[in-house]
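Report on the following structure.
Residue numbers (our numbering): 157 to 292.
Put into structure tokens, the structure is as follows:
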């Protein structure tokens, strides 16, 4: 003990050092938890994407089977025209999907428009502030 009755190493600097070490350990633990959760989330997203791809494949086989059944049932009455009708129906479906995808891309929803606009505002504000400081 020192002359003041306070044990050595129990001063303000020691307490601040202990606090900083504790905060750094807490941040490290939180970061490691976040990394583990992100890895789990990534794995879950990959599983969902795989299941979605398999579902699309199964739907394609179902559509193919339905088309074959329609052709078989209508062949006697319509002949080759049933193939043309199915082709045109699928073509219209594809064109509609492509048109919708193009409109989504053209609207700018994919490129994080709000975030980019805010970043441009921040940049403009910082450049204006920098120009103002230089003029003083």
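Don't be surprised by glycine CBs; every beta carbon is placed ideally from N, CA and C.
Keep in mind the model is a prediction, meaning the values are calculated, not measured.
Cβ-Cβ distance between residue 242 and residue 223 below 8 Å = Walking along the chain shown from the start, residue 242 turns up at place 86. Walking along the chain shown from the start, residue 223 turns up at place 67. The answer is yes: Cβ separation under 8 Å.
Give the C-beta separation of residue 238 and residue 227 to the nearest angstrom, bearing in mind that I take them to be a contact with Cβ-Cβ under 8 Å.
-> The count along the chain shown starts at 1 and reaches residue 238 at position 82. The count along the chain shown starts at 1 and reaches residue 227 at position 71. The Cβ separation is near 5 Å, so the contact holds.
Alpha-carbon to alpha-carbon, residue 205 and residue 257 | Reading the chain shown from its first residue, position 101 is the one you call residue 257. Reading the chain shown from its first residue, position 49 is the one you call residue 205. The straight-line gap from Cα to Cα measures roughly 19 Å.
Unbroken stretches of the alpha helix (DSSP H), 4 residues or longer, contained in the region 235-277 = 237-262
Report the rounded CA-to-CA distance for residue 177 versus residue 184, giving the unit in angstroms.
-> Sequence index remark: in the chain shown, residue 177 carries index 21 (1-based). Sequence index remark: in the chain shown, residue 184 carries index 28 (1-based). Rounded to the nearest angstrom, the two C-alpha atoms are 10 Å apart.
Which of the three DSSP states, helix, strand or coil, is assigned to residue 167?
-> Locating residue 167 in the chain shown gives position 11, where the first residue counts as 1. In the structure shown, residue 167 sits in coil (DSSP, three-state: anything other than H, G, I, E or B).
Cα-Cα separation, residue 225 to residue 262 | As a working note, residue 225 is residue 69 in the chain shown. As a working note, residue 262 is residue 106 in the chain shown. One C-alpha to the other measures close to 39 Å.
Give a yes or no on whether 8 Å exceeds the smallest Cβ distance from residue 221 to chain B.
-> In the displayed structure, chain B is absent; only one protein chain is listed.
Note down the Cα distance separating residue 270 from residue 284, rounded to an integer number of angstroms.
-> Counted from its first residue, the chain shown places residue 270 at position 114. Counted from its first residue, the chain shown places residue 284 at position 128. So the two alpha carbons sit approximately 21 Å from each other.
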